[in-house]
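*Asks:*
Protein chains: 2
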Amino acid sequence: MKQVLLVCTVLIFTCFVSSCGEIINKNNKMEAVVKKNEKVLRHIVIFKFKEEASEAEVQKISDNFNVLPNYISVIQDYEWGLNDSPEDLHQDFTHCYMLTFNSEEERDSIYTPHPKHQAFVASLQPHLEKVFVVDYWTK
Amino acid sequence: MKQVLLVCTVLIFTCFVSSCGEIINKNNKMEAVVKKNEKVLRHIVIFKFKEEASEAEVQKISDNFNVLPNYISVIQDYEWGLNDSPEDLHQDFTHCYMLTFNSEEERDSIYTPHPKHQAFVASLQPHLEKVFVVDYWTK
Chain A
1276 MKQVLLVCTV
1286 LIFTCFVSSC
1296 GEIINKNNKM
1306 EAVVKKNEKV
1316 LRHIVIFKFK
1326 EEASEAEVQK
1336 ISDNFNVLPN
1346 YISVIQDYEW
1356 GLNDSPEDLH
1366 QDFTHCYMLT
1376 FNSEEERDSI
1386 YTPHPKHQAF
1396 VASLQPHLEK
1406 VFVVDYWTK
Chain B
1276 MKQVLLVCTV
1286 LIFTCFVSSC
1296 GEIINKNNKM
1306 EAVVKKNEKV
1316 LRHIVIFKFK
1326 EEASEAEVQK
1336 ISDNFNVLPN
1346 YISVIQDYEW
1356 GLNDSPEDLH
1366 QDFTHCYMLT
1376 FNSEEERDSI
1386 YTPHPKHQAF
1396 VASLQPHLEK
1406 VFVVDYWTK
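Which chain is which? The protein sequence lines are A and B, in order. Take the first sequence: its position 55, counting from 1, is numbered 1330 in my numbering, and each next residue is one higher. Take the second sequence: its position 122, counting from 1, is numbered 1397 in my numbering, and each next residue is one higher.
#1: Check the Cβ of F1414/B against every Cβ in chain A and list those closer than 8 Å, keeping chain order.
#2: Rounded to a whole number of angstroms, what is the C-alpha to C-alpha distance between K1405/B and I1321/B?
#3: Could you spell out the range, first to last residue, of the beta strand (DSSP E) harbouring L1364/B?
#4: Using the beta-carbon of each residue, which ones in chain B are nearer than 7 Å to P1361/A?
#5: Name the residue from P1344/B, S1329/B, Q1400/B, D1359/B whose alpha carbon lies nearest to the alpha carbon of Y1353/B.
#6: Which residue's Cα is closest to the Cα of K1314/B: E1313/A, E1332/A, K1325/A, G1356/A?
#7: Please report the distance separating the alpha-carbon of P1401/B from that of V1333/B.
#8: Kindly list, in the order they appear in chain B, the residues whose Cβ is closer than 7 Å to that of L1364/A.
#9: For a test of the three-state rule: what should DSSP assign to G1356/A, helix, strand or coil?
#10: If you measure between the beta carbons of Y1386/B and I1336/B, is that distance less than 8 Å?
#11: Using only CA atoms, which one of F1376/A, S1384/A, L1403/A, E1362/A lies nearest to L1326/A?
#12: Taking only three categories from DSSP, how would you classify I1321/B?
#13: Checking contacts by CB at 8 Å: is V1308/B closer than that to chain A?
#14: Pick from E1379/A, T1375/A, L1399/A: whose alpha carbon is nearest that of A1328/A?
#15: Please name the residue or residues paired with K1405/B in a DSSP beta bridge.
#16: Using a cut-off of 7 Å between C-beta atoms, extract the partners of F1368/A located in chain B.
#17: Quick check on V1396/A: buried or exposed, where buried means 16 or more other Cβ atoms within 10 Å of its Cβ?
#18: With a 10 Å radius around its C-beta and 16 neighbouring C-beta atoms as the bar for buried, classify L1364/A as buried or exposed.
#19: Could you check if Y1346/A is buried or exposed, using at least 16 other CB atoms within 10 Å of its CB as the buried criterion?
#20: Would you say I1321/A lies against chain B (beta-carbon separation less than 8 Å)?
#21: For H1389/A, which three-state DSSP category applies?
#22: For D1367/A, count neighbouring C-beta atoms within 10 Å of its own C-beta (all shown protein chains included) and say buried if the count is 16 or more, exposed if not.
#23: Which one of L1374/A, P1361/A, S1360/A has the shortest CA to CA distance from V1342/A?
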């Protein structure tokens, strides 16, 4: 009888732990869905470098942009790539970057004046022919 | 003794089901990580409408763009928003759209010539002052 009681206790405990796991898992899934549906602020930055900018200089600038998310935590997401559009609607722009923020305040008050961002902008200027920037809130 | 055997069987079965759940959950998580790291092709489209385009006309065009993902399954992701950049580097463009594809082939051979896309482009032309398009592969 003692054995039965012990086994029953273990069984109930196992069921309890299993249920807890299910509940935690469901909560995580709900959180993921909420995050996916949250609005975010996209910051699209597109460069065309001067003809005389060397490949090494352009690479260095791109590398310096790529490391900004390591220093500026309000950058929620960062991606970049070279223009690949077959349509002739790109005004000869070549380097495309997309940064994601959670608010205009984080963009304007933390990212823009951040010393690392300001140093990057200063290093960029001599080699840049033109820049295009649009931002939008996802819907 | 029979009771103990029955309870043990139930216990082992419960543990087995619980372990299966864990394995499936882990596999789903791994798949999510792989998807996150997969390269995708971004297609950025930015409009400025003519001054004479009415608010209703612009709204209708935007609505027509927004429903394209319902008809063209190769659009993996779609988002849009109104330009919100405080920097004067947007050339007066206002409407920003980002479509995501898995390949250039799906973009060029399925999306671009798709009748729904072609009808949208035709409806757009009379009201559009200018358009800017860049595409890039995420890295």
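Even glycine gets a Cβ: it sits at the ideal position worked out from N, Cα and C. It should be emphasised that the depicted structure is a prediction, and the values quoted were computed from it without experimental measurement.
*Replies:* On the basis of the coordinates in this document:
#1: Stepping through the second sequence from its first residue, residue 1414/B is reached at position 139. Before going on, a small fix: residue 1414/B reads as Lys here, not Phe. What K1414/B touches in chain A: E1354, W1355, G1356.
#2: In the second sequence, counting from the first residue as 1, residue 1405/B sits at position 130. In the second sequence, counting from the first residue as 1, residue 1321/B sits at position 46. Distance between the alpha carbons of K1405/B and I1321/B is about 8 Å.
#3: Numbered from its first residue, the second sequence carries residue 1364/B at position 89. Note, L1364/B: premise wrong, no beta strand (DSSP E); not H, not E.
#4: Locating residue 1361/A in the first sequence gives position 86, where the first residue counts as 1. Contact of P1361/A with chain B by beta-carbon distance below 7 Å involves D1383.
#5: What you label residue 1353/B is simply residue 78 of the second sequence in a count that begins at 1. Of the listed residues, the one whose Cα sits closest to Y1353/B is P1344/B.
#6: Your numbering for residue 1314/B matches position 39 in the second sequence. Relative to K1314/B, the option among E1313/A, E1332/A, K1325/A, G1356/A whose CA is nearest is G1356/A.
#7: Sequence index remark: in the second sequence, residue 1401/B carries index 126 (1-based). Sequence index remark: in the second sequence, residue 1333/B carries index 58 (1-based). Taking the straight line joining both Cα atoms gives about 11 Å.
#8: Translated into the one-based positions of the first sequence, residue 1364/A becomes position 89. Ordered by position in chain B, the residues that pass the 7 Å Cβ test against L1364/A are V1406, F1407, V1408.
#9: Numbered from its first residue, the first sequence carries residue 1356/A at position 81. G1356/A falls in the strand class under three-state DSSP.
#10: Here residue 1386/B refers to the residue found at position 111 of the second sequence. Here residue 1336/B refers to the residue found at position 61 of the second sequence. No.
#11: As a first step, residue 1326/A must be located in the first sequence, where it is residue number 51. A small correction: the amino acid at residue 1326/A is Glu; Leu does not occupy that position in the sequence shown. That would be L1403/A, whose Cα lies nearest to the Cα of E1326/A.
#12: As a working mapping, residue 1321/B is identified with position 46 in the second sequence. Three-state result, I1321/B: strand.
#13: Numbered from its first residue, the second sequence carries residue 1308/B at position 33. The pLDDT assigned to V1308/B is 41, lower than 50, so where the model puts this residue is not dependable; a value taken from the coordinates is nonetheless given after this. Proximity of V1308/B to chain A, defined by a Cβ-Cβ separation below 8 Å, is not satisfied.
#14: On the first sequence, residue 1328/A is found 53 positions in, with the first residue counted as 1. When each option's Cα is compared against that of A1328/A, the closest is L1399/A.
#15: In the second sequence, counting from the first residue as 1, residue 1405/B sits at position 130. According to DSSP, K1405/B bridges with K1323/B.
#16: Translated into positions along the first sequence, residue 1368/A becomes position 93. Those within 7 Å of F1368/A in chain B are V1409.
#17: Here the question's residue 1396/A lines up with position 121 in the first sequence. Result: exposed.
#18: In the first sequence, residue 1364/A corresponds to position 89, counting from 1. Exposed, by the Cβ-count rule.
#19: Mapped onto the first sequence, residue 1346/A falls at position 71. Classified as exposed, Y1346/A has fewer than 16 neighbouring CB atoms from the shown chains inside 10 Å of its CB.
#20: Here residue 1321/A refers to the residue found at position 46 when the first sequence is read from its first residue. Cβ-Cβ to chain B under 8 Å: yes for I1321/A.
#21: Residue 1389/A sits at position 114 when you count from the first residue of the first sequence. Three-state result, H1389/A: coil.
#22: Residue numbering aside, residue 1367/A sits at position 92 when the first sequence is read from its first letter. D1367/A comes out exposed.
#23: The count along the first sequence starts at 1 and reaches residue 1342/A at position 67. Looking from the CA of V1342/A, the closest CA among L1374/A, P1361/A, S1360/A belongs to L1374/A.
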